[in-house]
Amino acid sequence: MLSFGSFSLWFVRRPVDRFSLCVRRLSLPTKSDANEAATEEQLLGFPGGSVELKLHEESDGENSGLALITMNNPRRRNAFSGAMMVEMRRAVEKLEVWKHGKGLILHGSGNTFCSGSDLNAVRALSTTKDATMMSLYMQNTLARLLRLPILSVALVHGKALGGGAELTTACDFRLMSPSGEICFVHKHMGLVPGWGGATHLSRILGPCTTLRIIAGATRLGPIGFGIGLGRCNS
Ligand SMILES: CCCC(=O)SCCNC(=O)CCNC(=O)[C@H](O)C(C)(C)COP(=O)(O)OP(=O)(O)OC[C@H]1O[C@@H](n2cnc3c(N)ncnc32)[C@H](O)[C@@H]1OP(=O)(O)O
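Heads up: the sequence shown begins at 1 in my numbering, then just goes up one per residue.
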C-alpha cells in the first residue's frame, strides 16, 4: 500500500457549491427519488463485499481532512456487487456534506483496484430496463464523486477493469503502482461504458484518444501512462 503522507500536500480545499447541495437536500421527494429507492432495493438483492468510508477528522493529526474509500470484495477481485453500488452512493453522500473534507483516496483491498461490475449482477440485470436503471444509478454516483468539493485520487494498485476503469475517471487524479493496469474491457462483452466513464475519460484525454482506448480495449499500464491519464509511483 502506498503511503498517504505524500498525498496530503495535494489536498487544498476547492471552492464549494454547498448551496446547490442544500437545495437538493431540502427539496421534497420527487418521482426520481422513488425510482432511486426502487433501484436500491433491487441492487440490494445482489449482496457481497463492502465499500468502507473512513474519515480522518480535523483533530486526527497529519491526515486530517483526508477520507479513504476502500472497495472490499477481494474474493471477486473487488467486483462491485449491487450492495456495494448502494454503499458507494452512501459514501459519496456522506462526503458531500463533510465539513472538514480536503481530500479523498479511492482504492481496492488486496492486489486489485476493481474488476468492474459483478458479472453475476450484470447477467441478472440484463433486461434493457434493469441495465438502464443500474447504469443511471452508477452514472449519478460517479458524477457526484467527481463533483465533490475535495480533491480525489484513485490509487490504482493492480487491475482496474470495466466499471473499475470507469471509477478511476471519476477522481481528479490517478496514481498507479507498477502492478497497475486500467482497461475499458467493455467491448469484449459488446458493451459501451455504462457508468459515465467515456464522458469522464473524454474530459481528461479528449474525444479521439478516448475513442481509440475504448474501441481498442487498450491496456493502460504504468509505461503507457504518459498519455496524460495519471502518474506512476514506484
Ligand atoms: C458497466 C460495467 C461493466 C463491467 O464492469 S462488466 C465487468 C468487467 N470486468 C471483467 O470482465 C473482469 C473479469 N475478471 C477478470 O478478468 C479476472 O478475474 C481478473 C480481474 C483479471 C483477476 O484475475 P485472477 O487474479 O486470475 O483471478 P480469477 O480470474 O481467478 O478471479 C478470482 C475470482 O473472482 C471472480 N471475479 C473476478 N472478476 C469478477 C467480476 N467482475 N464479477 C464477478 N466475479 C469476478 C472470478 O470469477 C473468480 O471467482 P471463483 O474463484 O472462480 O469463484
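Yeah, the Cβ is synthetic: ideal placement off N, Cα and C, and Gly gets one too. Fair warning: this is a prediction, and the values are worked out from it, not measured in the lab.
- In this structure, the C-beta of Asp-118 approaches ligand 1 to less than 8 Å from one of its heavy atoms.
- Residue Met-189 holds the alpha-carbon nearest to the alpha-carbon of Ser-126 among Ser-202, Ala-217 and Met-189.
- Using a cutoff of 8 Å, the CB of His-107 does not count as near ligand 1, since none of the ligand's heavy atoms is closer than that.
- The C-alpha of Gly-226 is placed about 22 Å away from the C-alpha of Gly-163.
- At a cut-off of 8 Å, the beta-carbon of Gly-194 counts as near ligand 1: some heavy atom of the ligand is closer than that.
- The beta-bridge partner set that DSSP reports for Arg-231 consists of Leu-175.
- DSSP, read as helix, strand or coil, puts Val-153 in strand.
- In the pairwise beta carbon analysis, the segment 144–154 is classified as not touching the segment 115–132: fewer than three pairs are separated by under 8 Å.
- Taken atom to atom, the span from the alpha-carbon of Ile-223 to that of Glu-52 is near 30 Å.
- Nearest Cα to Phe-113 within the set Glu-181, Asn-233 and Ile-213: Glu-181.
- By the CB criterion at 9 Å, Gly-158 and Gly-196 fall outside the cutoff.
- Ligand 1 never approaches Arg-231 closely enough for any of its heavy atoms to be under 8 Å from the residue's Cβ.
- DSSP lists Thr-70 as the beta-bridge partner residues of Glu-52.
- Contact check for Gly-49 against Phe-80 passes: the beta carbons are separated by less than 9 Å.
- Taking non-hydrogen atoms of ligand 1 into account, the C-beta of Phe-46 is found less than 8 Å away from none of them.
- Between Tyr-137 and Glu-36, the alpha-carbon positions lie close to 7 Å from each other.
- In the three-state DSSP reduction, Glu-181 falls in the strand class (E or B).
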